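Student: Would you mind keeping the following structure in view while I ask a few things?
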């Protein structure tokens, strides 16, 4: 469906809106490796009752990341295996304790298959489920920890013996417990460390640079982040406390400024706090970034392929995930918000569709579902969504042999956007200005990657600019990298040389058989 100048009054509001979309989109066109193109449309799956935590890993050894969900108000965890293209098979449930509050994945028995550890709110223990290797799991083993509620769960080799250990937090006793692994899926009696008030999530990373994993924990009631330094033998010194924003809930550790030292990122009710490492395991005061309120989860990855780490947070009250792109010096750009479904409570980052780029999976605890959104920055090579013909430069459209200007066909064509942008429809704008505001012809709801227009809708000897915007039913948009230009020829300029000359007369006579 298309319009032109004769019907501009009828379509004036629509023309203005399309021009605005095109102008905005064409100045922020998708790129591959030096800019973030956003996420494709949400793919939704039922995830069981109240999925509140999500983890991503290859559970069946086929090279594709699978998903595990822990449920805040149920007695099982859910595993969803990746079909290899970012879609997932049926959910498999495994019995655990009621009210899971944390999730970690690692090879706890040394057989080369990934296992699952999950905390819960009852029964004075946490659960370990050993992986078989095909994405299924043996029945749970209960690991006593002496505290009724286990919240955060993290796994790593704390004592340097090559075996994974587990640390869990206990919010109602202001403590955490460390469980050294025996290499066969069993764990020693807990070693307890006192934390600040109401510890939540915990991470294990070498923030001091001595080659041993330290413990980093956030405490929601004391509004602090704490570090316990490891002496390489799983002996920990007094905790070092740092003030955070209000009610920190989640923590992640990574090198945010590229200096070789690990920094700490905290998400909570006051946005995102970044603590840059001084190089010795001490940290500069927090840098706070607005990213919404009520943040429940944080994940780190290079979303735009520029070699700098970015931050993603789940924002439950606004039903969104917010992306804060890293600048490279440890600072973050303003948050970009993306719909993540109702009650987005947790987010994980990893390649789900096999294109090499980090995608996101979101747990939505209030609506019993999970959302997957694919990263549009990666996938097909640069220019995969491009204007083809008439392409860059000035291309003349001549008067054809029919000598009927108003019936002259002229086709605009473009390449399709990345495959992660599902079920696109296209809108085309032809205008007399590079900003695509003085629109002469528009076309909407196109499913093909070409648009034939009669040149009679255009004026002779005129330069035109055109661009394409793709959209889908989810409201996502993607644009071509730039406008392209073409010029219509004079009716007498049959050879499109720019002037009417003897060659044009010879062409005309040849049509008449002279």
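Residue numbers (the working numbering): 6 to 519. For each residue, glycine too, the CB sits at the ideal point set by N, CA and C. Owing to the predicted nature of the structure, the values given are computational and were not obtained by experimental measurement.
Given a cut-off of 7 angstroms on the beta-carbon distance, is the pair residue 274 and residue 251 in contact?
Tutor: Position 269 of the chain shown holds residue 274. Position 246 of the chain shown holds residue 251. In this structure, residue 274 lies near residue 251, with their beta-carbon atoms less than 7 angstroms apart.
Student: By the three-class DSSP mapping on this structure, what secondary structure does residue 347 have?
Tutor: For this step, residue 347 is matched to residue 342 along the chain shown. In the three-state reduction of the DSSP assignment, residue 347 falls in the coil class.
Student: Going by DSSP, what residue range makes up the beta strand (DSSP E) through residue 476?
Tutor: Numbered from its first residue, the chain shown carries residue 476 at position 471. 468 to 476 is the extent of the beta strand (DSSP E) around residue 476.
Student: Where do the N-terminal and C-terminal ends of the beta strand (DSSP E) with residue 146 fall, by residue?
Tutor: Residue 146 sits at position 141 when you count from the first residue of the chain shown. Element bounds for residue 146: 146 to 149.
Student: Along the beta strand (DSSP E) that carries residue 257, what are the first and last residues, could you check?
Tutor: Locating residue 257 in the chain shown gives position 252, counting from the first residue. Run containing residue 257: 253 to 259, per the beta strand (DSSP E) assignment.
Student: Taking only the alpha-carbon atoms, compute the straight-line gap between residue 32 and residue 434 and give it to the nearest angstrom.
Tutor: Counting from 1 along the chain shown, the entry for residue 32 is found at position 27. Counting from 1 along the chain shown, the entry for residue 434 is found at position 429. With a pLDDT of 30 at residue 32, under the threshold of 50, the predicted position of this residue should be treated as unreliable, and no value is reported.
Student: With a threshold of 8 angstroms, are at least 3 pairs of Cβ atoms found where one atom belongs to the stretch 324 to 343 and the other to the stretch 272 to 289?
Tutor: yes
Student: Considering only residues of the same chain and omitting the five flanking positions on each side of residue 284, which have a CB-CB separation below 6 angstroms?
Tutor: Taking the first residue of the chain shown as 1, we reach residue 284 at position 279. For residue 284, where only same-chain residues beyond five positions count, the Cβ hits under 6 angstroms are 266.
Student: Rank 167, 363, 68 by C-alpha distance to the C-alpha of residue 217 and give the top, closest one.
Tutor: Residue mapping note: residue 217 aligns to position 212 of the chain shown, counting from 1. Of the residues 167, 363, 68, the one whose Cα lies closest to the Cα of residue 217 is 167.
Student: Just the Cα atoms here: how many angstroms apart are residue 370 and residue 269?
Tutor: By one-based count along the chain shown, residue 370 stands at place 365. By one-based count along the chain shown, residue 269 stands at place 264. Between the alpha carbons of residue 370 and residue 269 lies a gap of roughly 26 angstroms.
Student: In whole angstroms, give me the CA-to-CA distance for residue 143 and residue 48.
Tutor: For the purposes of this step, residue 143 is identified with residue 138 of the chain shown, where counting begins at 1. For the purposes of this step, residue 48 is identified with residue 43 of the chain shown, where counting begins at 1. Going by the C-alpha atoms only, they are around 29 angstroms apart.
Student: Taking 8 angstroms as the cut-off, does the stretch 90 to 100 touch the stretch 356 to 372 (at least 3 CB pairs, one atom from each stretch)?
Tutor: yes
Student: Please report the distance separating the alpha-carbon of residue 26 from that of residue 446.
Tutor: The sequence position of residue 26 within the chain shown is 21, counting from 1. The sequence position of residue 446 within the chain shown is 441, counting from 1. Residue confidence is low: residue 26 scores 34 on pLDDT, short of 50, so the model does not pin down where it sits. Its coordinate-derived value is still stated next. Residue 26 and residue 446: Cα-Cα distance of roughly 15 angstroms.
Student: What do you get for residue 333, buried or exposed, if any count of 16 or more other CB atoms within 10 angstroms of its CB means buried?
Tutor: Within the chain shown, residue 333 is the residue found at index 328, counting from 1. Exposed.
Student: Could you spell out the range, first to last residue, of the beta strand (DSSP E) harbouring residue 450?
Tutor: For the purposes of this step, residue 450 is taken as residue 445 along the chain shown, with counting starting at 1. Run containing residue 450: 444 to 451, per the beta strand (DSSP E) assignment.
Student: Looking only at C-alpha atoms, which of 200, 57, 191 sits nearest to residue 79?
Tutor: What you label residue 79 is simply residue 74 of the chain shown in a count that begins at 1. Residue 57 is the option with its Cα nearest to residue 79.
Student: Exposed or buried, what is residue 350 when buried is set at 16 or more other beta-carbons lying within 10 Å of its beta-carbon?
Tutor: Within the chain shown, numbered from 1, the residue matching residue 350 stands at position 345. So residue 350 ends up on the buried side.
Student: Is the beta carbon of residue 45 sitting closer than 7 angstroms to the one on residue 69?
Tutor: Residue 45 sits at position 40 when you count from the first residue of the chain shown. Residue 69 sits at position 64 when you count from the first residue of the chain shown. Not closer than 7 angstroms, so no.
Student: In the DSSP assignment, what residue or residues form a beta bridge with residue 294?
Tutor: Your numbering for residue 294 matches position 289 in the chain shown. Its beta-bridge partners are 277.
Student: In terms of DSSP beta bridges, what is residue 97 paired with?
Tutor: Taking the first residue of the chain shown as position 1, residue 97 is located at position 92. According to DSSP, residue 97 bridges with 84.
Student: Using a Cβ-Cβ cut-off of 7 angstroms (strictly less than) and excluding sequence neighbours within five positions of residue 112, which residues of its own chain qualify?
Tutor: Taking the chain shown and counting its residues from 1, one reaches residue 112 at position 107. For residue 112, where only same-chain residues beyond five positions count, the Cβ hits under 7 angstroms are 118, 119, 120, 169.
Student: Kindly confirm or deny that the stretch 220 to 229 and the stretch 196 to 204 touch, where touching means at least three C-beta pairs closer than 8 angstroms.
Tutor: yes
Student: Run the CB neighbour count on residue 378, radius 10 Å, all protein chains shown included, and call it buried at 16 or more, exposed below.
Tutor: Translated into the one-based positions of the chain shown, residue 378 becomes position 373. Buried, by the Cβ-count rule.
Student: Judging by CA-CA distance, which residue of 307, 490, 453, 100 is the nearest neighbour of residue 471?
Tutor: By 1-based counting over the chain shown, the position of residue 471 is 466. For the residues 307, 490, 453, 100, the minimum Cα distance to residue 471 belongs to 490.
Student: Drop a sphere of 10 angstroms on the beta-carbon of residue 295, count the other beta-carbons inside from all chains shown, and report buried for 16 or more, exposed for fewer.
Tutor: Mapped onto the chain shown, residue 295 falls at position 290. Exposed: under 16 other Cβ atoms inside 10 Å.
Student: Should residue 129 and residue 173 be called a contact, given that it needs their Cβ atoms to be closer than 7 angstroms?
Tutor: Position 124 of the chain shown, counting from 1, holds the residue named residue 129. Position 168 of the chain shown, counting from 1, holds the residue named residue 173. Their beta carbons are not under 7 angstroms apart, which means residue 129 does not touch residue 173 by this criterion.
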